[in-house]
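Peer 1:
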Amino acid sequence: SSKYVLSQMHPMWQGPLVVPGGDHQSPIDIAVRKTVFDSELKPLVTSYDPETCQQIWNNGYSFLVEYDDTTNKNTLKGGPLRDEFRLCQFHFHWGETNDWGSEHTVDRRLFPAELHLVHWNSDRYSLFEEAVMEKNGLAVIGIFLKVGKRHEGLQKLVDALPSIRHKDSVVEFRRFDPGCLLPSNIDDYWTYHGSLTTPPLTESVTWIVMKQHIEVSHDQLAVFRSLLFTSAEEDVQKSMVNNFRVQQPLQGRTVRSSFT
Ligand SMILES: NS(=O)(=O)c1ccc(O)c(NC(=O)NCCc2ccccn2)c1
Ligand SMILES: [Zn+2]
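The working numbering puts the first residue of the sequence shown at 59, with every later residue one more than the last.
(1) Go through its chain and collect everything with a Cβ distance to V209's Cβ below 6 Å, but skip five positions before and after it.
(2) May I ask you to report which of helix, strand or coil DSSP gives E261?
(3) If you check the beta carbons only, do V198 and V176 fall under 8 Å apart?
(4) Can I114 and A218 be called in contact, C-beta distance under 8 Å?
(5) By the 10 Å Cβ neighbour count, where 16 or more other Cβ atoms means buried, how is S160 classified, buried or exposed?
(6) In three-state DSSP terms, what is R144?
(7) Which word fits S120, buried or exposed, when buried means at least 16 other C-beta atoms lie within 10 angstroms of its C-beta?
(8) How far does the alpha helix (DSSP H) with G211 in it extend, from its first residue to its last?
(9) As a quick check of your reading: which residues have a C-beta less than 6 Å from at least one non-hydrogen atom of ligand 2, in chain order?
(10) Any chance the CB of Y247 is under 7 Å from a heavy atom of ligand 1?
(11) Does the distance between the C-beta of V77 and the nearest non-hydrogen atom of ligand 1 fall short of 7 Å?
(12) Short check: CB of C111 to CB of F287, under 8 Å?
(13) Express the C-alpha separation of G80 and K92 in angstroms, rounding to a whole number.
(14) If you check the beta carbons only, do I222 and V216 fall under 8 Å apart?
(15) With F202 as the anchor, note down where its beta strand (DSSP E) starts and where it stops.
(16) Near A171, what residues of its chain come up, given a Cβ to Cβ distance below 6 Å and the 5 sequence neighbours on each side ignored?
(17) Relative to ligand 1, is the shortest distance from any of its heavy atoms to the C-beta of Y250 smaller than 7 Å?
(18) In three-state terms, what does DSSP make of I244?
(19) Grouping DSSP H, G and I as helix and E and B as strand, with all else coil, what is P69?
(20) Report all residues from its chain with a CB closer than 6 Å to the CB of V63; omit the five preceding and five following residues, and keep chain order.
(21) What do you reckon, is the C-beta of Y119 under 7 Å from a heavy atom of ligand 1?
(22) Hey, how far is the Cα of Q147 from the Cα of T318?
(23) Could you check whether the Cβ of P257 sits closer than 7 Å to any heavy atom belonging to ligand 1?
(24) Can you give the Cα-Cα distance for G252 and F95, rounded to whole angstroms?
(25) Would you call the CB atoms of P241 and I272 closer than 8 Å?
So this is what it looks like as structure tokens:
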């Protein structure tokens, strides 16, 4: 209805463009010709249990699918990682049109959306909240979304979005396998040390950005844009779009590739 203001830029995104004293910020552009192949990088090993899926909720910035991370049922290891990491949630970033929306870019190429699978270092810490403050605390897998054929596995999630339209709405969400969102090839990736792309922007993330994207349909992505930044009580509703951070300077960091 007319009271919904479309594509209002969310005030939070006018937040800190660069963190004072932060020289390992994310997201970044991955300039492929400046990446360095590292033959020591191992294949990534993921093991996810759909039975540990708990809920899906709108936190006013994105929507998150959360997993029970009190046991070691959803693990990530290998790749650039020395320790074992535990999945706690996944979420997305997207634009108001299919022309932009991703946080990372490859040779400045923008994708309409980006999926983040968030893991914390369960070998060294006992809670996500602890790990988020530490340099080797988090590992986030970034996967680009392209508009194309419908993603069958994603549809169960898309069907749940209308029930969490407003900020702070939560619904039970069960038996979702996050592995169904991985591209067929997870051996080819880029990795670098960076930060959360939203406050608190802590520099605790080993980023693992997949070279291969996944495809979702135009209609599936359109449902993401039907979410709202605002809670049900607010007078003016704002469409949840453009929930990505502006790109940050590389500051001399090297992005390594697992492939030539
Ligand atoms: N986008 S990201 O870097 O993968 C990432 C991963 C795990 C996280 O907890 C966050 N950030 C996060 O949860 N921030 C608390 C909620 C929030 C989100 C946006 C703005 C302010 N506060 C970002
Ligand atoms: Zn994210």
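The beta-carbon is built from N, C-alpha and C at its ideal position, and this holds for glycine as well.
Peer 2: For this structure:
(1) Looking at the sequence provided, one finds His at residue 209 rather than Val. Hits under 6 Å: V274.
(2) Here E261 sits in coil by DSSP.
(3) yes
(4) yes
(5) By the Cβ-count criterion, S160 is buried, with 16 or more other Cβ atoms from all chains shown falling within 10 Å of its own Cβ.
(6) strand
(7) buried
(8) Its alpha helix (DSSP H) spans residues E210 to A218.
(9) H149, H151, H174 and T255
(10) no
(11) Between ligand 1 and the CB of V77, the shortest heavy atom gap is not smaller than 7 Å.
(12) no
(13) Rounded to the nearest angstrom, the two C-alpha atoms are 22 Å apart.
(14) no
(15) L196 to V205
(16) Hits under 6 Å: F150, W152, G159 and L203.
(17) no
(18) coil
(19) Residue placement at P69 cannot be trusted, given a pLDDT of 45 that sits under 50; what the coordinates show is reported in the next sentence. P69: helix per DSSP, three-state reduction.
(20) Bear in mind that a pLDDT of 38 at V63, under 50, signals an unreliable position, so the model cannot answer this.
(21) Yes, the beta carbon of Y119 sits closer than 7 Å to at least one heavy atom of ligand 1.
(22) Distance between the alpha carbons of Q147 and T318 is about 31 Å.
(23) yes
(24) 18 Å
(25) Contact flag set, yes.
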